[in-house]
Amino acid sequence: MNGTVAHLNRRYHFAASHRLHIDALSPERNREIFGKCNNPFGHGHNYVVQVTFSGPVDAATGMVTNLADLDSFAQREMLDHFDHANLNTLEYFLDLVPSTENLCLELWRIFAEYPHAKLERIRVEETGNNAFDYFGNGAKIKHQE
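If you want it as structure tokens, here you go:
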């Protein structure tokens with residue numbers, strides 16, 4: 137199996153709140169653009185983050201990466217910062233609307249630093265009806281039948 141590349145998907149969960157708002161716009165324009173997501177008190181989601189990594193299957197372990205290493209990285213770099221947080225107050229979003237699309241991009245930046253496998257995709261499920269995928273800067277989305 138040496139040289140064989142496989143893909144690993146791992147899911148993580150966290151709860152966080154946010155308010156979609158642009159300070160430079162009027163309250164009326166913010167409500168028009170963001171609707172109920174512009175609630176002055178914010179609103180919360182139970183986010184599901186799926187990370188996809190690829191890499192060679194290690195001949196000795198049979199793994200792309202050690203899940204304990206990945207889980208430790210996810211805890212330290214993502215969950216410790218985002219779980220039960222108001223996204224608007226985090227450094228990542230001080231000058232950026234904390235939309236789930238922007239959250240997806242920020243999580244890509246974080247997980248791209250994982251040293252033991254190649255990040256292929258970040259998927260963030262905001263609700264049962266909304267999910268966002270990011271494949272990296274300039275990556276093409278592959279449609280699957």
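So in this note's numbering, the last spot in the sequence shown is 281, and the numbers never skip. Built from N, CA and C at the ideal position, the CB exists for glycine as well.
Can you tell me whether residue i is buried or exposed, with buried defined as 16 or more other CB within 10 angstroms of its CB?
i	result
Phe-218	buried
Arg-245	exposed
His-149	exposed
Val-187	buried
Ile-258	buried
Glu-164	exposed
Val-200	buried
Pro-234	buried
Glu-249	exposed
Ala-160	exposed
Asn-265	exposed
Asn-273	exposed
Glu-227	exposed
Going straight from the alpha carbon of residue i to that of residue j, what length do you get?
i	j	result
Pro-192	Asn-145	14 Å
Thr-263	Val-185	11 Å
Tyr-183	Phe-209	18 Å
Pro-176	Leu-230	16 Å
Pro-251	Phe-271	17 Å
Met-214	Asn-166	29 Å
Lys-254	Gly-180	31 Å
Phe-247	Ser-162	35 Å
Residues in the same chain with beta-carbon distance under 7 Å from residue i, minus the five sequence neighbours each way, listed in chain order, please.
i	result
Ala-221	Ala-152
Ile-158	Asn-166 and Val-233
Within the same chain, show all residues whose beta-carbon is closer than 6 Å to that of residue i, passing over the 5 residues directly before and after it, in chain order.
i	result
Glu-256	Thr-188 and Ser-190
Glu-261	Val-184 and Ala-267
With a CB to CB cut of under 8 Å and the five nearest residues on each side skipped, what residues in its chain are close to residue i?
i	result
Thr-140	Pro-192 and Val-193
Gly-178	Ser-153, His-154, Arg-155, Asn-222 and Asn-224
His-143	Thr-188, Phe-189, Ser-190, Val-200 and Glu-256
Exercise. Write down every uninterrupted run of the beta strand (DSSP E) in the stretch 173-206 whose length is 3 residues or greater and which is fully enclosed by it, in chain order.
Key: 179-192
Practice problem: At 4 residues or longer, and completely inside the stretch 207-247: list those alpha helix (DSSP H) runs for me, N to C. | Solution: 236-247
Practice problem: Starting from the N-terminal side, write out each stretch of the beta strand (DSSP E) that is 3 residues or longer and does not extend beyond the stretch 139-175. | Solution: 141-154
Quiz item: Between the stretch 232-247 and the stretch 196-205, do three or more beta carbon pairs fall short of 8 Å?
Solution: no
Quiz item: With contact counted as at least three CB pairs below 8 Å, one residue from each stretch, are the stretch 159-179 and the stretch 203-211 in contact?
Solution: no
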